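Protein sequences, first through last, are from chains E and W.
Start counting the first sequence at 1; every next residue gets the next number (our numbering).
Start counting the second sequence at 1; every next residue gets the next number (our numbering).
Even glycine gets a Cβ: it sits at the ideal position worked out from N, Cα and C.
Bear in mind the structure is a predicted one, so any value in this text is a computation, not a measurement.
Reviewing the structure listed below.
Number of protein chains: 2
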Amino acid sequence: MPKYQKQFRILVAVDCIIFGFDGVELKILLVKRALEPEKGKWSLMGGYITEKENFDRGGARILKQLTGLEGVYMEQLHAFGHPDRDPHERTIAVAYFALIDINQFEKQLSTEYHAEWFPIKKIPKLVFDHGNMVAKAKERLRYKAAFHPILFELLPEKFTLPQLQSLYEGIFDTEFDKRNFSRKIQSTKLLVKQKDKDKESSKKGAYYYKLDKRRYAANLHAFLNIIPNPVIFNRI
Amino acid sequence: MPKYQKQFRILVAVDCIIFGFDGVELKILLVKRALEPEKGKWSLMGGYITEKENFDRGGARILKQLTGLEGVYMEQLHAFGHPDRDPHERTIAVAYFALIDINQFEKQLSTEYHAEWFPIKKIPKLVFDHGNMVAKAKERLRYKAAFHPILFELLPEKFTLPQLQSLYEGIFDTEFDKRNFSRKIQSTKLLVKQKDKDKESSKKGAYYYKLDKRRYAANLHAFLNIIPNPVIFNRI
DNA sequence: TATAATAAGTGTTGTAAATACATTTATTTA
DNA sequence: TAAATAAATGTATTTACAACACTTATTATA
Numbered sequence: 001m002p003k004y005q006k007q008f009r010i011l012v013a014v015d016c017i018i019f020g021f022d023g024v025e026l027k028i029l030l031v032k033r034a035l036e037p038e039k040g041k042w043s044l045m046g047g048y049i050t051e052k053e054n055f056d057r058g059g060a061r062i063l064k065q066l067t068g069l070e071g072v073y074m075e076q077l078h079a080f081g082h083p084d085r086d087p088h089e090r091t092i093a094v095a096y097f098a099l100i101d102i103n104q105f106e107k108q109l110s111t112e113y114h115a116e117w118f119p120i121k122k123i124p125k126l127v128f129d130h131g132n133m134v135a136k137a138k139e140r141l142r143y144k145a146a147f148h149p150i151l152f153e154l155l156p157e158k159f160t161l162p163q164l165q166s167l168y169e170g171i172f173d174t175e176f177d178k179r180n181f182s183r184k185i186q187s188t189k190l191l192v193k194q195k196d197k198d199k200e201s202s203k204k205g206a207y208y209y210k211l212d213k214r215r216y217a218a219n220l221h222a223f224l225n226i227i228p229n230p231v232i233f234n235r236i
Numbered sequence: 001m002p003k004y005q006k007q008f009r010i011l012v013a014v015d016c017i018i019f020g021f022d023g024v025e026l027k028i029l030l031v032k033r034a035l036e037p038e039k040g041k042w043s044l045m046g047g048y049i050t051e052k053e054n055f056d057r058g059g060a061r062i063l064k065q066l067t068g069l070e071g072v073y074m075e076q077l078h079a080f081g082h083p084d085r086d087p088h089e090r091t092i093a094v095a096y097f098a099l100i101d102i103n104q105f106e107k108q109l110s111t112e113y114h115a116e117w118f119p120i121k122k123i124p125k126l127v128f129d130h131g132n133m134v135a136k137a138k139e140r141l142r143y144k145a146a147f148h149p150i151l152f153e154l155l156p157e158k159f160t161l162p163q164l165q166s167l168y169e170g171i172f173d174t175e176f177d178k179r180n181f182s183r184k185i186q187s188t189k190l191l192v193k194q195k196d197k198d199k200e201s202s203k204k205g206a207y208y209y210k211l212d213k214r215r216y217a218a219n220l221h222a223f224l225n226i227i228p229n230p231v232i233f234n235r236i
C-alpha cells in the first residue's frame, strides 16, 4: 500500500520515571545520557519505540533494560511533543511512570547505564524536558495515591504499618495521626497481619503485613480515603 | 546538526473526542473520514501534527478547524500507539478530549466535514481504534467530573439547576435527590443566581445561574463532592 | 535487676458532612 | 377557579472524620 504522502514523520521515544522508596524518602532512578546532545548529563531512562511494539511494551522493555524487572506497575503519564524539546531532531516522548520495590532493583542492577537514585527533593538538572516530566509524574503519583491503593507497589512483600505511614507522609509531605491512619488502612481489608515482627527500627518491633493479593487485584481501581482532605488539595 | 541515525520515524496524529450536551443526553461529534483507508466511515476529527506545533496546539487547531471554536476546555487523554492501529502506515495518535457548549457549535458549524452529533450510547462503529479512544474519554470524563467542576463547560452561559442536574445524571447514569444536589452545588459558591428564569421547560420557571468566573478559574482543580460515592465507584 | 528510653499499638468522643425524606409555591391551561 | 406541572426549600438522622493520650513490649543502662 502506498504511504500517506507529504506528511512528516517524527522520532518517537518512551521515557520512564521510575519511583522507589528506601524507607525514608521517595526517590527516582536516573541515568547518564549516552548520546549526544547532552551526553553525560542526568536523564530519565528512555529509548526509541521499535517498529513492532506499542507504548506499553516499549515502556516495559525500557524499564527491564535498566532494572531487569518485569511485571511492574506502570502507567502512561503524558505525551510530550514540544517541537524543540530535543534540539537535535524533533522527537516526541511518551512518558511512563513506574513504581518499583527499591530492594528488588538493588538485586537486579545493571551497571551499564550509571544509574543512580535521587531523592525526589534533590533532583539534578535533567536533559531536555525531563524535569517537566518528573514534575508531572510527582503530581500524578500524589493524585493517584490519594484515591487509590498504589503505594504498596513501592514496598517489599512484607512491610510494617509505620513504614507504610512514613511512605504516605513522605509523598504527601505531611504527618498523619497514626491511630487514624492505622484504622483507615485496616478498614480497607487489603492487608494481612503476619506473625513476625520487624525488629530493626524499634525495640518493641512492629508487626509485618502482607497484601491480600486477591483483594488488592480486585480493588486497584477502588477508592481509598487515606489522606485527610485539606492537607493536600484545596476543596472548594 | 546530523540526524539521529538508524531510528525510524512515525506519523503523528492528534484526534479529538468532542463532547456536547443538548439538554437531554451527552453526545460526541463525529466526522466522515476523508482519506483512504476507511474513507467515508465515521471517525473522530483528527489530523497530523505539523512541524512547528506541540500537541496542545495541534488539538486546538483541529478542534477549531471543525467547530470554529477557540479557548475551549481541552485535555490530553492518552497516546495510542499500537503498531497496527492504522493498517496503511504506522501512525501514533495523541487523543484529546474537549468539552464544548453545543449551541456555540451550531452557530459556527463548518459543513465541510459532514459532522454529526451522536448520543454517547449510540456511537456507530468507528475507524481504527477510535472506539477505544471514545471509551477511554468517557471513562476519564466521569472520573474527572466526579471530583472537579468541569461539566459547566458543556452548558451555555446561563443555565438552570435542573439542567445542571440532568447533565450530571446523564453522565453518571443515575438520579440524584434534587434537594441534596442543589445544596451541594450551592455550597461550592461557584454559581451566581440570576434574576430571570427559564420558562421553557416548566410553568413555574427555573432561575438561571451563571458561573462566578473568578471563583471558577480559581477552583478548576479543587475538589467537589457532588456525586454520592457508592453510585459510581466502588469504595473499598 | 530495676529503671529509663523508645517506638508500637490501641479506643473514645465530639463534630461535620451526607443522606433521606415531603410540603409549599409559582404559573399555565382547561 | 381548579387542576396540573415542575421548582424551590428545611429538618432530622446517620455516618464518616478528626482530635486526642495512655499502655505495652523490648532493649539498654544504671
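At a cut-off of 8 Å between beta-carbon atoms, lysine 52(W) makes contact with chain E. In this structure, the beta-carbon distance from cysteine 16(E) to leucine 35(E) does not fall below 8 Å. At least 8 Å separates the CB of glutamine 186(W) from every CB of chain E. A distance below 6 Å between beta-carbons, with the five flanking residues on each side excluded, links glycine 58(E) to the following residues of its chain, in chain order: Val14, Ile49. Residue environment: valine 94(W) is assigned as buried (16 or more neighbouring CB atoms within 10 Å of its CB, all protein chains considered). For the stretch 67-83 of chain E, residues whose beta-carbon sits nearer than 9 Å to a beta-carbon of chain W comprise Gln76, His78, Ala79, Phe80, Gly81, His82, Pro83. Taking 8 Å as the upper bound for CB-CB distance, proline 149(W) and threonine 188(W) are in contact here, some 7 Å apart. Rounded to whole angstroms, lysine 64(E) and glycine 47(E) show a C-alpha spacing of 12 Å. For glutamine 7(E), the C-beta contacts it makes with chain W under 8 Å involve Leu11, Tyr48, in order along the chain.
Distance from the CA atom of tryptophan 42(E) to the CA atom of lysine 138(E), rounded to whole angstroms, is 18 Å. Lysine 121(E) and aspartate 56(E) have their C-alpha atoms roughly 28 Å apart. The beta carbons of methionine 74(E) and alanine 98(E) sit closer together than 8 Å.
By the Cβ neighbour-count rule, lysine 27(W) is buried, with 16 or more other Cβ atoms within 10 Å of its own. Counting only Cβ-Cβ distances below 9 Å, valine 31(W) has no contacts in chain E at all, with the closest Cβ about 18 Å away. About 6 Å separates the beta carbon of tyrosine 208(W) from that of aspartate 196(W), a gap short enough to meet the 8 Å contact definition.
Contacts between isoleucine 92(E) and chain W, judged by CB atoms closer than 7 Å, involve Val12 in chain order. DSSP places leucine 30(W) in the strand class (E or B) of the three-state scheme.
Chain W has a Cβ within less than 8 Å of the Cβ of phenylalanine 55(E).
About 5 Å separates the beta carbons of phenylalanine 21(E) and leucine 167(E), which is inside the 8 Å limit, making them a contact pair.
With respect to the 8 Å criterion, leucine 77(E) and arginine 33(E) are not classified as neighbours on the basis of their beta carbons. Here DSSP, grouped into helix, strand and coil, assigns lysine 195(W) to strand. Where glutamine 76(W) is concerned, the enclosing beta strand (DSSP E) starts and stops at 73-80.
The C-alpha of arginine 215(W) lies about 9 Å from the C-alpha of leucine 191(W). For glutamate 25(E) and leucine 154(E), the gap between their C-alpha atoms comes out near 11 Å. In this structure, leucine 11(W) lies near threonine 91(W), with their beta-carbon atoms less than 8 Å apart. The Cβ atoms of isoleucine 226(E) and lysine 158(E) do not sit closer than 8 Å to each other. The continuous stretches of beta strand (DSSP E) do not include glycine 23(E), and DSSP gives it neither H nor E.
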